[in-house]
Amino acid sequence: MTVRVRFAPSPTGYLHVGGLRTAIFNFLFARHHGGVFILRIEDTDTERSTQAAVDQILDSLRWMNIAWDEGPYFQSQRMPLYRAHLDRLLESGHAYRCYCPAEELEKKRKAAESEKRQYKYDGTCRHLDPKADPAGRPFVIRFRMPEKYPDHFDDLVLGRIPIDEERLDDWILARSDGMPVYNFCVVVDDADMRISHVIRGNDHVANTPRQILLYQAFGYSAPQFAHIPLIHGPDGSKLSKRREAEYRKLGMSVSVQEYARMGYLPHALFNYMTRVGWSAGDQELFSLAEFIQKFDLDGVGKASGIMNPEKLKWVNAQYLKAEDDHALAQKLVPLLAEKGIGTTADDRLAKIAECLKPRSNTLVELAEKATIFFIAPTAYDEKAVRKFWNREARAWLEHLVEVLPELPLADEAAMEERFKGFAEKFSAGNMGKIAQPLRLALTGSTASPSIFTVMNILGKDECRARIRRAIEELGKLG
RNA sequence: GGCCCCAUCGUCUAGCGGUUAGGACGCCGGCCUCUCACGCCGGUAAUAGGGGUUCGAGUCCCCUUGGGGUCACCA
């Protein structure tokens, strides 16, 4: 049997990380088994579905490099298929028209609630003669619960799930406007698309019995179900778009595209998300090829996980360090442009990326640190000024400006040798005593890549200008 | 509240009857060092509780507790 799986988001907003994880699990499962990964947009809720959301979801998936093999299919374009299936159920008696007004049903529901009773549809229209339909009156289509049904189903990750205790009534298949409802469309579509495995969040387990009954009513065999654990926010509850403000404070988000904005690499996000709820021994970092080779449902745990932005950051830092310097430069260009720095992804920018990547967790951080190579410091760290800019420092910086023309800036190893000589002369061999005042002059702070790398990237002219400016400032200190 | 699911360090997890309960993030030390990082070395920290089963339970069963999910003419 060929594996066919699908990711079926509803386009009511951007792609959120929980959905992303479901997409990843399906994608990896398909690739691992040489199967087909299908994308289906569940837009039967015309009130809430938007084209903008569809675009955002597709963009996020593309950004994550999660490529689908079929689709996207849109449920809104498959009405004839649903109609035909509805008719089939109506004809076979597995469904019937219900004319109960929504308000009345709502009243009954409220009543049940106040009496602390479980609400169930009372079956008012269950035994109406289908031929005696009161023409013109609005109706919904309900499923006719069979007498007999399976007492459980087997979930690939959760195991045996009982359904005999399930609260099942004659639920609605199609709204009064004729639009079929989610629980109906999934089944028709999954059957029509010959889905072999339904891998989805375990917030869907309660829906599964109904869907299984529908398969049964149609005479279709049901796919295998795999309900993966949800990902929760730091407070332990389901990730919610409404909590976004709180998440932002913690350096996280529910929005996939937000991670792009925050400077995360798509594969880092991919790696992190996959590893919550799935593992293969002690390994933390996987290439896509490794994920495909190792991913399977038996590695999926049952317990839900909590999103940990700190670890995501670490994973991202790992991939940042491993990223090619020119590729990084490429990604940096637009971020620098936002800061008003116009540059191309040249060798110089690659060199900047190289020395900054072990010092950054995200692309945004990297771009931030990179500015110092384009814009001379306008202020100097006060504490550092007091500590490093003294009379000796001034003498040393003045000497440096003088000998600058003959220094081999491009040869960092040779520069280090020359500096050892300077250290002997100006600070009794203490490299720190000459490096720090210079670093302060060049960058305005006491933290930067190797001073030799900084000089190399800046070049002689820029170094001279910055050092002179520093000497000037130093002079004002008296 | 009914029903369902889950339960190993703060977090992600390994473990699939016999381990000094392992790894990772974080945190704390140390090393490296021109600063900051990276890296390396070390440390901190867990089997929710109670009953069983067994020669032997993190591993199997039951109960309690805790957490989560779900109860629409949403998906």
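When we follow the numbering used here, the leftmost residue of the first sequence carries the number -3, and every step to the right adds one. Yeah, the Cβ is synthetic: ideal placement off N, Cα and C, and Gly gets one too.
Taking C-beta to C-beta, are phenylalanine 23 and isoleucine 53 nearer than 7 Å?
-> The residue labelled residue 23 in the question sits at position 27 within the first sequence. The residue labelled residue 53 in the question sits at position 57 within the first sequence. No, these two residues do not count as a Cβ contact at 7 Å.
Can you tell me the Cα-Cα spacing of alanine 80 and cysteine 121, whole angstroms?
-> Indexing the first sequence from 1 puts residue 80 at position 84. Indexing the first sequence from 1 puts residue 121 at position 125. Alanine 80 and cysteine 121: Cα-Cα distance of roughly 22 Å.
Helix, strand or coil at glycine 67 [DSSP, three-state] | Within the first sequence, numbered from 1, the residue matching residue 67 stands at position 71. It is a strand residue.
Jot down the residue ranges of each uninterrupted alpha helix (DSSP H) in the region 374 to 460, minimum 4 residues, whole runs only, in chain order.
-> 378 to 384, 387 to 399, 408 to 423 and 427 to 439
Mind checking which residues open and close the beta strand (DSSP E) that includes aspartate 55?
-> Working through the first sequence from its first residue, we reach residue 55 at position 59. Taken as a continuous stretch (DSSP letters only), aspartate 55 belongs to no beta strand (DSSP E), being part of the alpha helix (DSSP H) at 47 to 59.
With a cut-off of 8 Å on the beta carbons, I'd call serine 45 and serine 6 a contact; round off their distance for me.
-> As a working note, residue 45 is residue 49 in the first sequence. As a working note, residue 6 is residue 10 in the first sequence. Yes, they are in contact, since the Cβ atoms of serine 45 and serine 6 sit about 7 Å apart, within 8 Å.
Answer yes or no: do leucine 281 and glutamine 314 have a C-beta to C-beta separation smaller than 7 Å?
-> For the purposes of this step, residue 281 is taken as the residue at position 285 of the first sequence. For the purposes of this step, residue 314 is taken as the residue at position 318 of the first sequence. Cβ atoms of leucine 281 and glutamine 314: closer than 7 Å.
What is the C-beta distance between glycine 14 and leucine 226, in whole angstroms, given that I count them as a contact (C-beta under 8 Å)?
-> As a first step, residue 14 must be located in the first sequence, where it is residue number 18. As a first step, residue 226 must be located in the first sequence, where it is residue number 230. Confirmed, about 6 Å.
Write down the C-beta distance between isoleucine 430 and alanine 437 rounded to the nearest angstrom, noting that I regard them as a contact closer than 8 Å.
-> Along the first sequence, read from residue 1 onward, the residue named residue 430 stands at position 434. Along the first sequence, read from residue 1 onward, the residue named residue 437 stands at position 441. Cβ atoms of isoleucine 430 and alanine 437 stay farther apart than 8 Å, at about 11 Å.
Using the rule of at least 16 other Cβ atoms within 10 Å of the residue's Cβ for burial, across every protein chain shown, is valine 183 buried or exposed?
-> Along the first sequence, one-based indexing puts residue 183 at 187. That one is buried.
Expected contact under 8 Å - CB spacing of valine 50 and histidine 193 to nearest Å = For the purposes of this step, residue 50 is taken as residue 54 along the first sequence, with counting starting at 1. For the purposes of this step, residue 193 is taken as residue 197 along the first sequence, with counting starting at 1. With 8 Å as the limit, valine 50 and histidine 193 do not qualify as a contact, their Cβ atoms being about 24 Å apart.
Return the chain-ordered list of same chain residues with a C-beta closer than 7 Å to the C-beta of lysine 234, the five sequence neighbours on each side being excluded.
-> Within the first sequence, residue 234 is the residue found at index 238, counting from 1. The residues are Leu226 and His228.
Hey, would you say alanine 264 sits closer than 7 Å to asparagine 203, going by beta carbons?
-> Here residue 264 refers to the residue found at position 268 of the first sequence. Here residue 203 refers to the residue found at position 207 of the first sequence. Their beta carbons are not under 7 Å apart, which means alanine 264 does not touch asparagine 203 by this criterion.
Opposite glutamine 220 in the DSSP bridges: which residues?
-> Mapped onto the first sequence, residue 220 falls at position 224. Paired residues: His193.
Measure the Cβ-Cβ separation of methionine 138 and cysteine 96 and say whether it is below 7 Å.
-> Against the first sequence, residue 138 aligns to sequence position 142. Against the first sequence, residue 96 aligns to sequence position 100. Note that residue 138 is arginine in the sequence shown, not methionine. Not a contact, by the Cβ cut-off of 7 Å.
So, are the CB atoms of leucine 35 and tryptophan 59 less than 7 Å apart?
-> Here residue 35 refers to the residue found at position 39 when the first sequence is read from its first residue. Here residue 59 refers to the residue found at position 63 when the first sequence is read from its first residue. No, they are not a contact pair.
Counting along the chain, where does the alpha helix (DSSP H) carrying phenylalanine 21 start and finish?
-> In the first sequence, the residue the question calls residue 21 occupies position 25. 13 to 28 is the extent of the alpha helix (DSSP H) around phenylalanine 21.
Assess, as a yes-or-no matter, whether the region 147 to 157 is touched by the region 95 to 112 under the definition of 3 or more beta carbon pairs within less than 8 Å.
-> no
Those runs of the beta strand (DSSP E) which lie wholly inside the region 250 to 280 and span at least 3 residues | none
Could you give the distance in angstroms between the alpha-carbon of alanine 406 and the alpha-carbon of glutamate 412?
-> On the first sequence, position 410 is the one that residue 406 refers to. On the first sequence, position 416 is the one that residue 412 refers to. Straight-line Cα distance between these residues: approximately 11 Å.
Indicate the three-state DSSP secondary structure (helix, strand or coil) for isoleucine 337 in the structure shown.
-> As a first step, residue 337 is located in the first sequence; it is residue number 341 there, counting from the start. In the structure shown, isoleucine 337 sits in coil (DSSP, three-state: anything other than H, G, I, E or B).
If you run the structure through DSSP and keep just helix, strand and coil, what is valine 184?
-> Here residue 184 refers to the residue found at position 188 of the first sequence. It is helical.
Is any heavy atom in the ligand ZN found nearer than 6 Å to the beta carbon of asparagine 312?
-> In terms of ligand content, the structure shown is empty, and the ligand ZN therefore cannot be addressed.
To the nearest angstrom, how far is it from the Cα of alanine 338 to the Cα of asparagine 452?
-> Taking the first residue of the first sequence as 1, we reach residue 338 at position 342. Taking the first residue of the first sequence as 1, we reach residue 452 at position 456. According to the sequence as given, residue 338 is glycine; it is not alanine. Taking the straight line joining both Cα atoms gives about 20 Å.
What are the boundary residues of the beta strand (DSSP E) that isoleucine 157 is part of?
-> Here residue 157 refers to the residue found at position 161 when the first sequence is read from its first residue. Unbroken beta strand (DSSP E) run through isoleucine 157: 155 to 158.
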